[in-house]
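Below is one structure, written out as structure tokens, with a few remarks after it.
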Amino acid sequence: MTNAITIHEHGGAENLRWESVDVGEPDVGQVRIRQNAIGLNFIDIYMRSGLYPLPSLPAILGMEAAGIVESVGPDVGEIAVGDRVAYCMVPGAYAENRLVSAEKLLKLPDDIDDKTAAAMMLKGLTAHYLLFRSYAVQPGDQILVMAAAGGVGLMLCQWGRHLGAEVIGCVGSESKAELARANGAHHVILYDQENIPQRVRDITDGKGVAVSYDSVGQATFEASLDSLRPFGVLVTYGNASGPVEPFSPAVLAPKGSLYVTRPTLATHTATRELLTEGAERLFRVVGDGTVGIAINQIHALSETATAHRDLESRVTTGASVLIP
């Protein structure tokens, strides 16, 4: 038996339970992991609330973690007992121990510790597909990053600047503005105090940005569209303020023949090739210090409800990590 955070019905953070579960031994292609650090992400809240319905209940939430391989099942190739590993997009992470398919695991380099790995896998691979696939940033591009002081946002600011982009970050407070600037944003816009599209036009000499990476959703969708240059791309990849309402594609024409895409990390890690391509780039930029991982909140796994409330209230910055 091991302890885990479970839900028996969708709803608020009060539905999270700390209880014993049976893990069992690894089957064919599986390994058992002792988890040392677990990442907290908005997708966990979406699943808890029912915005992203789970296939069955009760369920263990959480999508990423890092730890040590305790045992391996038959037909496991490169992963061995004692290996330090991490994963993301594998439901059931909120547990002290668990089983994971070896195909979903990545061996950790020695220069990346467990807390950093747990904080960076889902957010870092999200930043990777945004910058390299959803809209491939080119040197000289002007880009807009919503929620620039969040976990993904801070990585987008750093990595985007490294790729040669001029980064404009949107945040909710002066303290978050300072954090975004310290992590690579050339310009910062305050959501509640400034007109986002107008400020973007001022910064870009009236042209608009090549792309808006928007995880806020409903509250910033129009502002993102109105900030784009002709043929610009709105990548809406999150729903922190609620899901985007249905809209007519006809609105994209007069705004400059724009593009809108709604990607998910699940698609971008669906094959081993896609997963390892992103992980290799991510490990490189974190390992050499190009992208720093800001872990600004640490909670005991048993206190996950508090961590969820803080994340929902948008009082957090950077990444939050749960410790079993």
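The sequence shown begins at 450 in my numbering and counts up one residue at a time. Each residue gets a CB set at the ideal place from its N, CA and C atoms; glycine is no exception.
Open item on the list: Do N452 and L750 have their beta-carbon atoms positioned less than 9 Å apart in this structure?
Closed with: Numbered from its first residue, the sequence shown carries residue 750 at position 301. Numbered from its first residue, the sequence shown carries residue 452 at position 3. Yes, the Cβ-Cβ distance between L750 and N452 is below 9 Å.
Open item on the list: My output table needs one value for Y495: the three-state DSSP class, helix, strand or coil.
Closed with: Within the sequence shown, numbered from 1, the residue matching residue 495 stands at position 46. Here Y495 sits in helix by DSSP.
Open item on the list: Tell me whether the region 719-730 and the region 685-704 touch, counting them as touching only if at least three CB pairs, one residue from each stretch, are closer than 8 Å.
Closed with: no
Task: Beta-carbon spacing of R648, H636 below 9 Å - done: As a position in the sequence shown, residue 648 is number 199, starting the count at 1. As a position in the sequence shown, residue 636 is number 187, starting the count at 1. In this structure, H636 lies closer than 9 Å to R648 by Cβ.
- [ ] Would you mind reading off the limits of the alpha helix (DSSP H) that contains T565?
- [x] Looking up residue 565 in the sequence shown gives position 116. Looking at the DSSP string, the run of the alpha helix (DSSP H) that includes T565 is D563 to Y578.
Open item on the list: Taking the beta carbon of G499 as the centre, do at least 16 other beta carbons fall within 10 Å, making it buried, or is it exposed?
Closed with: Your numbering for residue 499 matches position 50 in the sequence shown. G499 should be labelled exposed.
- [ ] Please state whether DSSP places Q587 in a helix, a strand or coil.
- [x] Along the sequence shown, one-based indexing puts residue 587 at 138. The answer is coil: DSSP assigns Q587 none of H, G, I, E or B.
Open item on the list: Quick check on N464: does DSSP put it in helix, strand or coil?
Closed with: Locating residue 464 in the sequence shown gives position 15, counting from the first residue. Note: N464 maps to helix in three-state DSSP.
TODO: Classify S624 as buried or exposed, calling it buried when 16 or more other Cβ atoms lie within 10 Å of its own Cβ.
DONE: To locate residue 624, count along the sequence shown from 1; it is residue 175. Flag for S624 reads exposed.
Open item on the list: I need the boundaries of the beta strand (DSSP E) containing L683, first residue and last residue.
Closed with: The residue you call residue 683 lines up with position 234 of the sequence shown. L683 -> beta strand (DSSP E) spans L677 to T685.
- [ ] Kindly identify the DSSP beta-bridge partner or partners of T455.
- [x] Numbered from 1 along the sequence shown, position 6 holds the residue referred to as residue 455. R466 and I509.
Task: Straight-line gap, H611 to P507 (C-alpha atoms, nearest Å) - done: If you number the sequence shown from 1, residue 611 lands on position 162. If you number the sequence shown from 1, residue 507 lands on position 58. Using only the alpha carbons, I get a separation of about 43 Å.
Open item on the list: Give me, in chain order, the residues of the same chain whose beta-carbon lies closer than 6 Å to that of A551; leave out the 5 immediate sequence neighbours on both sides.
Closed with: As a working note, residue 551 is residue 102 in the sequence shown. So the qualifying residues of the chain are G478, V480, V525 and I528.
Task: Extent of the continuous beta strand (DSSP E) run through R711 - done: Position 262 of the sequence shown, counted from the first residue, corresponds to residue 711. It is not in any beta strand (DSSP E) - R711 carries neither H nor E in the DSSP assignment.
Task: Alpha carbon of R497 to alpha carbon of G461, nearest angstrom - done: Here residue 497 is taken as the residue at index 48 of the sequence shown, counted from 1. Here residue 461 is taken as the residue at index 12 of the sequence shown, counted from 1. Cα to Cα, R497 sits roughly 7 Å from G461.
- [ ] Measure the C-alpha to C-alpha separation of V660 and I456 and round it to an integer number of angstroms.
- [x] For the purposes of this step, residue 660 is taken as residue 211 along the sequence shown, with counting starting at 1. For the purposes of this step, residue 456 is taken as residue 7 along the sequence shown, with counting starting at 1. Between V660 and I456, the C-alpha separation is close to 37 Å.
- [ ] Just mark D471 as buried or exposed, buried being the case when its beta carbon has 16 or more other beta carbons within 10 Å.
- [x] In the sequence shown, residue 471 corresponds to position 22, counting from 1. Exposed is the call here.
Task: Rounded C-alpha distance that separates I652 from H577 - done: Within the sequence shown, numbered from 1, the residue matching residue 652 stands at position 203. Within the sequence shown, numbered from 1, the residue matching residue 577 stands at position 128. Cα-Cα distance, rounded: 25 Å.
TODO: Measure how close the beta-carbons of I517 and R483 come, nearest whole angstrom, since I'm counting them as under 8 Å.
DONE: Start at 1 with the first residue of the sequence shown, and residue 517 comes out as number 68. Start at 1 with the first residue of the sequence shown, and residue 483 comes out as number 34. Rounded, the Cβ-Cβ distance is 5 Å, consistent with contact.
Open item on the list: As an exercise, report each continuous beta strand (DSSP E) stretch of at least 3 residues that is fully enclosed by the region 720-772, in chain order.
Closed with: 744-749 and 768-772
TODO: Could you tell me the boundaries of the alpha helix (DSSP H) in which E623 lies?
DONE: In the sequence shown, residue 623 corresponds to position 174, counting from 1. Taken as a continuous stretch (DSSP letters only), the alpha helix (DSSP H) holding E623 covers E623 to A631.
TODO: Look at the Cβ atom of A542, then the Cβ atom of G511, and state whether they are nearer than 9 Å.
DONE: Here residue 542 refers to the residue found at position 93 of the sequence shown. Here residue 511 refers to the residue found at position 62 of the sequence shown. Going by C-beta atoms, A542 is nearer than 9 Å to G511.
Task: One or two residues paired with G618 in a DSSP bridge - done: The sequence position of residue 618 within the sequence shown is 169, counting from 1. BP columns for G618 point to V594 and V637.
Task: Environment of F680 [buried if 16+ CB atoms lie within 10 Å] - done: Translated into positions along the sequence shown, residue 680 becomes position 231. Counting Cβ neighbours within 10 Å, F680 comes out exposed, since fewer than 16 surround it.
Task: Residues that DSSP places opposite C537 in a beta bridge - done: For the purposes of this step, residue 537 is taken as the residue at position 88 of the sequence shown. Bridge partners of C537: E513.
- [ ] Could you tell me whether the Cβ atoms of L579 and P712 are closer together than 9 Å?
- [x] Within the sequence shown, residue 579 is the residue found at index 130, counting from 1. Within the sequence shown, residue 712 is the residue found at index 263, counting from 1. Their beta carbons are under 9 Å apart, which means L579 touches P712 by this criterion.
TODO: Out of L674, Q607 and P504, point me to the one whose CA is closest to Y708's CA.
DONE: Position 259 of the sequence shown, counted from the start, is the residue given in the question as residue 708. Ranking the options by Cα distance to Y708, first place goes to L674.
Open item on the list: With H, G and I counted as helix, E and B as strand and the rest as coil, what does DSSP make of D663?
Closed with: For the purposes of this step, residue 663 is taken as the residue at position 214 of the sequence shown. It is a strand residue.
Task: Where S690 falls: helix, strand or coil (DSSP) - done: As a first step, residue 690 is located in the sequence shown; it is residue number 241 there, counting from the start. Correct three-state label for S690: coil.
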